[in-house]
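Below: the structure, in structure tokens.
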Amino acid sequence: MSTSLAPYHALVWLRDDLRTDDHPALTEAIRLARQHNGRVTAVYILDEALWSRPLGGASRWWLHHSLAALADDLQRLGVPLVLRQGDLRQQLADVVRQGSVQAVLCNRGQTPFLRRCEAAAREALEPLGCPLLAGGGELMVEPDKILTGSGQPYRVFTPFWKALSQHHQPKAPLPEPEALGPGVAPVISGLTLASLALLPSTPDWAGGLRKSWQPGQAGARRCLDAFLQGSVARYGSQRDFPAQPATSRLSPHLRFGELSPRRLWDAVIALHGADGMPFLREVGWREFNHHLLFQWPEMATVPLKPEFTRFPWRDDQREFQRWCRGLTGFPIVDAGQRELWQTGWMHNRVRMIVASFLVKDLLLPWQWGEEWMWDTLVDACPANNPGNWQWVSGCGADAAPYFRVFNPSLQAAKFDSDGLYQRRWVPESAAPGDDLFAAASTRRRYPLPMLDHGAARDRALAALASLKPDPDTV
DNA sequence: TGCAATTTCGC
DNA sequence: CGAAATTGC
């Protein structure tokens, strides 16, 4: 390659790392380009046939706007963003040929799927004599680097968290690289963002998402700054009250890599020290779920506790639809589902309540709920979504025991005692504190509870008991 | 990061 | 006798 007459050209291959701050691959590419007096181009390749699962609708919406923001951010650094669609191997090879690229750099993927993509990319690049340099990563600690004393991966969160927070100080985040000087990279053909067809059109259901979010690195930074100035120190005491704006709302930004967890960790510790730990513990769950996904690539569909493959799930599409649409007749459950439908996000406390309701009250398979949220959440993450569903369902590695059944009315009384959250999303329900006379005129439109929670709880516990051989009958 | 029944505590 | 701790699902 050194004999090539073409100027040095490095390619940054972007996936779930749509930012310029703390970006090891971009930083290294720009360093190399400077060293060789060359240029850098970035590429995003949408290869849905290769994906382990198609991106959900809300995620597609987010990705569109995140790519739009990223193109601007990169432009400021003198790096054009090329969009491609189709077979990863072909597209990557074509881009490398067209641009006479000498090296492809990426942040090492942190899911089994992204690692397979890297293997495919290497295969495609080898005949071209072009190396793939994968480094950095999107976690605080690489998913195979935190091990128990006996060298095994952790299966329990608390010791994992202890090891992570005490023995694995995350690497310091890298600054955004300095912009390249004037000059242009060899032109590589690409698609327009619109032609990727990531946005919903008929109908356009994204109005609520547009009002709720600013995808992209600048939006992530805004969320982070607001959280750092405001509620991070109160997070531990306030986070469970869904009517309060006490959470960070950073999850979709982390999902698409618009903010690196190392930057987040660094900023929280720098400003709040130990007061930031209750929040960082949740970032620790994100790490834990990614580490789990590495051990169990089938985590999205296969229960980690094998006995749960025999669980007597019910099969009732009509009841599932009521749950999805927020028509269960339990205001806290329905409020959560409507917040999700309208904004692409749901408060974490309410996620636990609605998930428990699906799995334990309705006895419907957790995989149905996982798929629903995969499609509707803007933060739908291949590690967190299955990991959290398995946790709630009691079939995860370090799960809540199955007999922990959330009582929706008690949860509402504890965490939304004035009914503010429930009335915000389900105004037609008569939540506590409502003017009963006003509510009476509209109550007809709100369904009665679809089941008796006490009876449902008994049924769930009986179903669990059926998994274990009865010691008396052996 | 559950709930409810039961026992013990503290006055 | 109500609050708090304990226990089992």
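Using full-length UniProt numbering, the final residue of the first sequence is 474, and nothing's skipped along the way. Yeah, the Cβ is synthetic: ideal placement off N, Cα and C, and Gly gets one too. Bear in mind that the values here come from a model prediction, so they are computed numbers and not experimental data.
If you look at A103, you'll find it in the beta strand (DSSP E) that goes A103 to N107. Taking C-beta atoms under 8 Å as the contact rule, R255 and D379 qualify, at a distance of about 5 Å. Judged by their CB atoms, K305 and C395 are nearer to each other than the 9 Å cut-off. Here L293 really is in contact with A383; their C-beta atoms are around 4 Å apart, less than 8 Å. For V12, the uninterrupted beta strand (DSSP E) segment begins and ends at H9 to L14. In the structure shown, G273 falls within a helical segment according to DSSP collapsed to helix, strand and coil. Pairing S52 with Q238, the inter-Cα distance amounts to about 37 Å.
In this structure, H272 sits near A233, with a CB-CB distance shorter than 9 Å.
Secondary structure of Y421 (DSSP, three-state): helix.
Between L364 and D315, the CB-CB gap stays under 9 Å.
Distance from the CA atom of G136 to the CA atom of W313, rounded to whole angstroms, is 42 Å. Runs of the beta strand (DSSP E) lying entirely within the segment 84-149, each at least 3 residues long, are 103-107 and 132-135 in chain order. Residue pairing by DSSP places A29 in no beta bridge whatsoever. Spanning the alpha carbons of A267 and T202 requires a straight line of approximately 41 Å.
When only Cα atoms are considered, G207 and I269 end up about 36 Å apart.
Pairing G56 with T343 gives a Cβ-Cβ distance that is not under 9 Å.
If the five residues before and after F113 are omitted, its C-beta is found closer than 6 Å to the C-beta atoms of S52, all from its own chain and listed in chain order. For A463, the enclosing alpha helix (DSSP H) starts and ends at H453 to A465. Residue burial annotation: P408 is buried, with at least 16 other C-beta atoms found within 10 angstroms of its C-beta. Contact fails between the segment 119-127 and the segment 62-81, because fewer than three Cβ pairs, one in each stretch, are under 8 Å apart. Under the DSSP definition of a beta bridge, L46 partners with Q85. Counting along the chain, the unbroken alpha helix (DSSP H) around N384 starts and ends at N384 to S393. Comparing C-alpha distances from G257 to each of P24, W389, V40 and P159 shows the shortest one belongs to P24. When DSSP reads this structure, R39 sits in a beta bridge with H9. Restricted to the segment 189-226, the alpha helix (DSSP H) segments that are unbroken, complete and at least 4 residues in length are 207-212, listed in chain order. Around H168, the same chain offers M140, V141, K145 and I146 as residues with beta carbons nearer than 8 Å, after the five sequence neighbours per side are excluded. Straight-line spacing of the CA atoms in A460 and F403 works out to 8 Å. D16 and S417 have their C-alpha atoms spaced approximately 39 Å apart.
CA-to-CA, the gap between P173 and L18 works out to about 15 Å.
Boundaries for L448: no alpha helix (DSSP H) harbours it, and the DSSP string shows neither H nor E there.
Taking one beta carbon from each stretch, the segment 88-108 and the segment 61-74 have fewer than 3 pairs nearer than 8 Å; the two do not touch. Under DSSP, the beta-bridge partners assigned to P153 are L147. Unbroken alpha helix (DSSP H) stretches of 4 residues or longer found wholly inside the segment 312-344: 317-325 and 331-343, given in chain order. Within the same chain, Cβ atoms closer than 6 Å to the Cβ of H64 are found at L198 and L199, the five residues on either side in sequence being excluded. Here L209 is buried. Its C-beta has 16 or more other C-beta atoms within 10 Å.
Annotation: the continuous alpha helix (DSSP H) that includes V350 extends over N348 to S356.
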